[in-house]
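**Student:**
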Amino acid sequence: MENAQLIRNQPEEVKALQDTIYVIGGKWKLPIINSICNGNKRFREIERSIPGITTRMLSRELKEMEMNKLIKRTVYPDSPVLVEYESTPYCKTFGNIILAMIEWGKEHKKYIQEEA
């Protein structure tokens, strides 16, 4: 009975990994989430905090992230119109994973530099 708990469903695991990578993968999604979680709420603030991202790419990524319920877009009817983005509670569920990835990235850089 104990061995039954050790059996893993690799096809299911692969699908779960693919789904995760689809939602948070790519060059820009994690930096955008990091920017928003660090207090940048307006489009231009987010854009300025991420070197190399284009306006068009940021717009596209924000729309996709909103569709996946990672961020919430709020429009305030001021003049001019004010739009703010914030991470959702759902987005925050993988906050520890992102922090672990940041730490791994730092250690990986050190490891590679030591090998050079």
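Residue numbers (full-length UniProt numbering): 1 to 116. Ideal placement from N, C-alpha and C gives every residue a C-beta, glycine not left out.
Within 8 angstroms, do at least three Cβ pairs link the region 101-109 to the region 53-64?
**Tutor:** The answer is no - the region 101-109 does not touch the region 53-64, with fewer than three Cβ pairs under 8 angstroms.
**Student:** On the criterion of 16 or more Cβ atoms from any shown chain inside 10 Å, does residue 79 qualify as buried, or is it exposed?
**Tutor:** By the 10 Å Cβ count, residue 79 comes out exposed.
**Student:** Taking 8 angstroms as the cut-off, does the region 40-54 touch the region 8-15 (at least 3 CB pairs, one atom from each stretch)?
**Tutor:** Contact between the region 8-15 and the region 40-54 is absent, because fewer than three Cβ pairs lie under 8 angstroms.
**Student:** For the ligand MG, any of its heavy atoms closer than 7 angstroms to the Cβ of residue 114?
**Tutor:** Looking for the ligand MG in the displayed structure turns up nothing, as the structure carries no ligands at all.
**Student:** Taking DSSP as the reference, what is the three-state secondary structure of residue 98?
**Tutor:** Residue 98: helix per DSSP, three-state reduction.
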